[in-house]
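Novice:
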Amino acid sequence: MIREIAAKDAEKFLELLMEVDDSGFMLFEPGERTSSVKKEETKISQFLANPHTTIFVAEEDNRLTGYIIGIGNTQKRKQHAAYIVIDIRSGYRGHGIGTMLFEKLFEWAKQRGLKRLELTVIKTNAPAYHLYKKMGFKLEGEKIGSLIIDGEAVNEYYMYKWLD
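In this text, residue positions in the sequence shown follow UniProt numbering: the first is 1, and each later residue adds one.
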């Protein structure tokens with residue numbers, strides 16, 4: 001089931017974030033995230049109070065299996081765009097959850113009159129790159145050495161989707 005997150009999901013959401021950080025493809029290193037259930041509850045409440053942001057979660061058997069975050073803009077020149085962050089628990093990848101999360105986010109974006117969605121993906125994360133292409137995202141550019149992972153400079157792709 002795909003639904004908007006609620007403040008009561010804070011503990012499950014933090015557990016999910018900590019697990020997906022271990023994938024090596026997210027911004028945080030494994031174990032680097034220093035949050036708490038209370039902090040996540042506050043962040044979730046702030047997201048839900050802001051009409052330019054959202055978080056949708058995938059849930060199965062009372063467990064969060066994935067999420068997608070849409071971060072919009074308040075500046076007039078950027079109000080048409082939102083930045084996307086998505087991840088799925090490792091055991092649930094490849095089962096259509098990412099597609100369902102994107103479809104829900106696309107609905108949200110269209111309801112708000114958004115025209116541009118953007119995201120970044122580590123160049124070596126082929127499964128995510130292929131999902132984004134499948135969902136209609138196009139390669140916009142490559143950010144050279146944008147991250148240092150295990151002591152090595154890693155490139156990220158910039159991708160975008162234009163909504164009609």
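Idealized CB from N, CA, C, for every residue including glycine.
Since the structure is predicted, the reported quantities are computational estimates derived from the model, not experimental observations.
1) Quick check: A153 and L114, are their CB atoms within less than 7 Å of each other?
2) Within a Cβ cutoff of 7 Å, which residues of the same chain sit near E11, ignoring the five residues on either side of it in sequence?
3) Within 10 angstroms of its Cβ, does E144 collect 16 or more other Cβ (buried), or is it exposed?
4) Indicate the three-state DSSP secondary structure (helix, strand or coil) for L163 in the structure shown.
5) By Cβ distance below 6 Å, which residues in the same chain neighbour K104 in space, the five residues on each side in sequence not counted?
6) In its own chain, which residues sit with a C-beta less than 7 Å from the C-beta of A109, not counting the 5 before and 5 after it?
7) Indicate the three-state DSSP secondary structure (helix, strand or coil) for I88 in the structure shown.
8) Give me the DSSP bridge partner(s) of T54.
9) Whose C-beta lies closer than 7 Å to the C-beta of Q75 among residues of the same chain, with five residues either side of it excluded?
10) Whole angstroms are fine: how far does the CA of G141 sit from the CA of I68?
11) Helix or strand or just coil, what does DSSP make of L114?
Specialist: According to the structure shown:
1) Along the sequence shown, one-based indexing puts residue 153 at 153. Along the sequence shown, one-based indexing puts residue 114 at 114. The answer is no: Cβ separation not under 7 Å.
2) Numbered from 1 along the sequence shown, position 11 holds the residue referred to as residue 11. If we look at E11 and ignore the five residues flanking it on each side, its Cβ neighbours are V37.
3) Residue 144 sits at position 144 when you count from the first residue of the sequence shown. Note on residue identity: the sequence assigns Ile, not Glu, to residue 144. Exposed, because fewer than 16 other Cβ atoms sit within 10 Å of the Cβ of I144.
4) Locating residue 163 in the sequence shown gives position 163, where the first residue counts as 1. It is coil, neither helix nor strand.
5) The residue labelled residue 104 in the question sits at position 104 within the sequence shown. Correct list, in chain order: I2, F56.
6) Along the sequence shown, one-based indexing puts residue 109 at 109. For A109, where only same-chain residues beyond five positions count, the Cβ hits under 7 Å are G70, A82, L117, L163.
7) By 1-based counting over the sequence shown, the position of residue 88 is 88. Correct three-state label for I88: strand.
8) For the purposes of this step, residue 54 is taken as the residue at position 54 of the sequence shown. G70, per the DSSP bridge assignment.
9) Within the sequence shown, residue 75 is the residue found at index 75, counting from 1. Nothing meets the Cβ criterion.
10) Here residue 68 refers to the residue found at position 68 of the sequence shown. Here residue 141 refers to the residue found at position 141 of the sequence shown. For I68 and G141, the distance between alpha carbons rounds to 22 Å.
11) Here residue 114 refers to the residue found at position 114 when the sequence shown is read from its first residue. DSSP places L114 in coil when its eight states are reduced to three.
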